[in-house]
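Remarks on the structure that follows.
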Amino acid sequence: MAKQTTAFSLQALRYSVDQKLYHLQTPQSPIVHTSAYKKYCIDEYPTGTNAIIASSVERGMFHGQIHQTETVDLSDQMSRSDGSRKYFMESNIERHRSIDSDGLPCVGQTIKPDEEYYSIYNEVNNEQHAVKQKGSEDVIVDYVTMDGKKHLQNHLQKHMFLLSGFPLLCPFYVAGNPVIGDKFSSRHGQKGVCSQLWPDIDIPFSEVTGMCPDLIINPHAFPLRMAIGMLLESIAAKIFIGPVYYQRLQHMVHSTGMVDQITSQPIKGRKGGGGICFGEIERDSLLAHGAAYLLHDRLHTCSDYHIAAVCSTCGSILTPSAIKPEKRVARAVKELPPVRTPKVFCHASDTNKGMETVAIPYVFKYLAAELAAMSIKMTLQLSI
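Residue numbering for the sequence shown follows the numbering used here, starting at 455 and increasing by one per position.
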């Protein structure tokens, strides 16, 4: 688990130029450790926090940062044909609050998505333009420095180190609290997902000492995982009520992400911002548990939910198309609020009457188009 945790990665964090680093703000030394713990000086790079203090999530427990490095090399943007030369220069537009007098971002400035944060001047055509932040989250400029790995000419190459707020909690830098869905683990591989965040008044407490736990784990996890080391650590640390050294992992939850342009479904792969795979095993588990509506929510509402127009005359889902920008109130789809859709016309039936709206997965419409390409017609029978 130490390889996946959001830990205290290195001592000289300010001088690091790694593309991405996870950093824990409040690391601690574990109460219970092995004989090799001090031998290898693991306390120099702590990996977690002792879950002891009441309401610790509200006071900063498991808060962290993501350090990202962006490299800007103006020599790569110069054209040899026209002999253009580019420099960093102060922006002449007042609305660029994030750009300093040298054309680089202000240190400590919060930069929002699509906001300009450095300015470039081309002395050949006397043009100046500002570059926007391409990320999807608010970032804060930690510091700006020159790259010493390459030969610098006219100070053209500089590094901008961006410090972003933890998305494990939310897509803003305002709060750094863990959110429901983030992953945690003890040092014994007892992984778990945060399923609820309770305030202090709702947390149970000890009748003798009045101490409240920070973390409540499901007892059914122990017979399945059989992580006896976690119980031994809880018993060995006798000072408090079963404290366990917990690690915050790098698996952070997001409610939205990238989708495929063809099927409108979430893409695969963690590096590309894709979703979690929902396969046959997950489907069978939900059906066996009696949660069929949750299966509909995962595979339809939260995946590729689409409202399509269907001709009740010919039953086609492909031939209806919008003809006017006028809006009309469509009939309410079952268990869904009514929507407003443009007026449609069916080219197969040559009429605009009998048009209905249905909620379907977008991949179903894509399948109908694929079958139509092979001269196979798919018709729908609507029941009111």
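Glycine is no exception: its CB is placed at the ideal position from the N, C-alpha and C atoms.
Report task. Can you tell me the Cβ-Cβ gap for glycine 728 and glycine 711, rounded? I've got them flagged as a contact below 8 Å. Result -> Glycine 711 and glycine 728 do touch by the CB rule: their CB atoms are close to 6 Å apart, below 8 Å.
**Report entry** Distance CB(valine 593)-CB(valine 561) smaller than 8 Å
**Finding:** Remark: C-beta atoms of valine 593 and valine 561 do not approach each other more closely than 8 Å.
Query raised in the report: So does the stretch 718-737 actually touch the stretch 752-764, counting three or more Cβ pairs closer than 8 Å?
Result: A contact exists between the stretch 718-737 and the stretch 752-764.
Query - Nearest-angstrom Cβ-Cβ length linking valine 585 and tyrosine 575, presumed shorter than 8 Å - result: At roughly 12 Å, the Cβ-Cβ gap does not stay under 8 Å, so valine 585 and tyrosine 575 are not in contact.
Query - Of the residues Ile814, Glu569, Ala690, Phe799, the one placed nearest glycine 808, counting alpha carbons only - result: It is Phe799.
Report task. Return the bridge partner residues of lysine 540 from the DSSP annotation. Result -> Bridge partners of lysine 540: Asn576.
Query raised in the report: Would a C-beta distance cut-off of 8 Å place alanine 826 and leucine 772 closer than the cut-off?
Result: In contact: alanine 826 and leucine 772 (Cβ atoms closer than 8 Å).
Query raised in the report: How is the alpha helix (DSSP H) around alanine 827 delimited, first residue to last?
Result: Residues 816-827.
Query raised in the report: In chain order, what residues of the same chain lie with their CB nearer than 6 Å to the CB of methionine 832, ignoring the 5 residues before and after it?
Result: Result list for methionine 832: Ala822, Leu825, in chain order.
Query raised in the report: Buried or exposed: where does cysteine 765 fall if 16 or more other Cβ atoms within 10 Å of its Cβ makes it buried?
Result: Per the 10 Å Cβ criterion, buried.
**Report entry** Nearest neighbour of isoleucine 655, chosen from Thr488, Gly664, Leu678 [CA to CA]
**Finding:** Here the closest residue by C-alpha is Gly664.
Report task. Tell me whether the beta-carbon of valine 703 lies closer than 8 Å to the beta-carbon of glycine 769. Result -> At residue 703 the sequence reads leucine, which differs from the valine that was named. At a Cβ-Cβ threshold of 8 Å, leucine 703 and glycine 769 do not count as neighbours.
**Report entry** DSSP state of tyrosine 491 mapped onto helix, strand, coil
**Finding:** When secondary structure is reduced to three states using DSSP, tyrosine 491 falls in the helix class.
Query raised in the report: Would a C-beta distance cut-off of 8 Å place tyrosine 499 and phenylalanine 542 closer than the cut-off?
Result: Not a contact, by the Cβ cut-off of 8 Å.
**Report entry** Among Thr501, Lys492, Ser829, the one whose alpha carbon lies nearest that of arginine 641
**Finding:** For arginine 641, the closest of Thr501, Lys492, Ser829 by C-alpha to C-alpha distance is Thr501.
Query raised in the report: Would you report the Cα separation of lysine 781 and lysine 797, rounded to the nearest angstrom?
Result: Below a pLDDT of 50, predicted positions are generally treated as unreliable, and lysine 781, at 44, falls in that range; no measurement from the model is reported.
Requested in this report: Return the first residue and the last residue of the beta strand (DSSP E) that tyrosine 759 is part of.
Outcome: Counting along the chain, the beta strand (DSSP E) containing tyrosine 759 begins and ends at 759-765.
Query - Nearest residue (CA-CA) to arginine 679, options Gly646, Ile496, Phe818 - result: Of all alpha-carbon atoms in Gly646, Ile496, Phe818, the one lying nearest the alpha-carbon of arginine 679 is that of Gly646.
Query raised in the report: Should glutamate 544 and aspartate 556 be called a contact, given that it needs their Cβ atoms to be closer than 8 Å?
Result: Yes. Within cutoff.
Report task. Label isoleucine 814 either buried or exposed according to how many other C-beta atoms from any shown protein chain fall within 10 Å of its C-beta, with 16 as the threshold for buried. Result -> Per the 10 Å Cβ criterion, buried.
Requested in this report: Tell me where the beta strand (DSSP E) around alanine 802 begins and ends.
Outcome: Per DSSP, alanine 802 belongs to no beta strand (DSSP E) and is neither H nor E.
Query raised in the report: If we call anything under 8 Å between Cβ atoms a contact, is threonine 805 one with threonine 767?
Result: Yes; because the gap between Cβ atoms is below 8 Å, this pair is in contact.
**Report entry** Nearest-angstrom Cα separation, counted from phenylalanine 638 out to threonine 488
**Finding:** Just so you know, the alpha carbons of threonine 488 and phenylalanine 638 end up roughly 21 Å apart.
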